[in-house]
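In this note's numbering, the protein residues as written are 10 to 167. Backbone N, C-alpha and C fix where the C-beta goes; we use that ideal spot for every residue, glycine too. Source: prediction; values computed, not measured. Notes for the one structure printed next.
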Amino acid sequence: MIRQAKQEEIKMIRKWLQETAISFKKKGIQQWRQFLRYENTEIVESDFERGYLFVFENNQNQVIASISLCDKEKWDESLWNDEVDAYYIHRIVVSKEGKGLNVGSQLVQWAKNRARESGKKLRLDCIASNDFLQEFYQKQGLSFRSLMNSFALYEWEE
10 MIRQAKQEEI KMIRKWLQET AISFKKKGIQ QWRQFLRYEN TEIVESDFER GYLFVFENNQ
70 NQVIASISLC DKEKWDESLW NDEVDAYYIH RIVVSKEGKG LNVGSQLVQW AKNRARESGK
130 KLRLDCIASN DFLQEFYQKQ GLSFRSLMNS FALYEWEE
């Protein structure tokens, strides 16, 4: 089940974000370098306050992943120079307990459904050198649109 995050889950999600950044660094992936320092994960709090932060609960009601589904932000404006009505995926992060359970795919599918219900497109970006994420997003039905400032831009529309 995917639902709005609760205040008490923020610290855990921030920890996952940092752990994922560390894992990326060990693999030579440049994505999320800013999150190597825990204090830089405060964006999770901001996502929560704006109603953008959602979590994935497994069948035992254990939160094992999160996603930020946002309206257009300054970052998105810097990459997508248009006025398209879209949701933007940011910071999908899966806990160690959630790895290998297809949770990331379920989160993207949920975001696609939200976009469809709202009559919006769905967009995201990732570092262009992150082949794993690029392949993952393409498998989820998102289309590569362009490269901008070393970021690969992906979009889904029904």
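Check: Touch test, the stretch 40-47 against the stretch 58-67, Cβ-Cβ under 8 angstroms, three pairs minimum; Outcome: no
Check: Range covered by the beta strand (DSSP E) that runs through Q13; Outcome: I11 to Q13
Check: Bounding residues of the alpha helix (DSSP H) (the contiguous stretch that carries Y61); Outcome: Unbroken run through Y61: none, as it is neither H nor E.
Check: E144 to F57 span [Cα, whole Å]; Outcome: 28 angstroms
Check: With 16 other Cβ atoms within 10 Å as the buried cut-off, status of S127; Outcome: exposed
Check: Close Cβ partners of Q27 (< 8 angstroms) along its chain, the five nearest in sequence each way excluded; Outcome: F44, L45, R46, Y47 and T50
Check: Exposed unless 16 or more other CB atoms sit within 10 angstroms - verdict on N158; Outcome: exposed
Check: Beta strand (DSSP E) segment containing D134, residue limits; Outcome: K130 to I136
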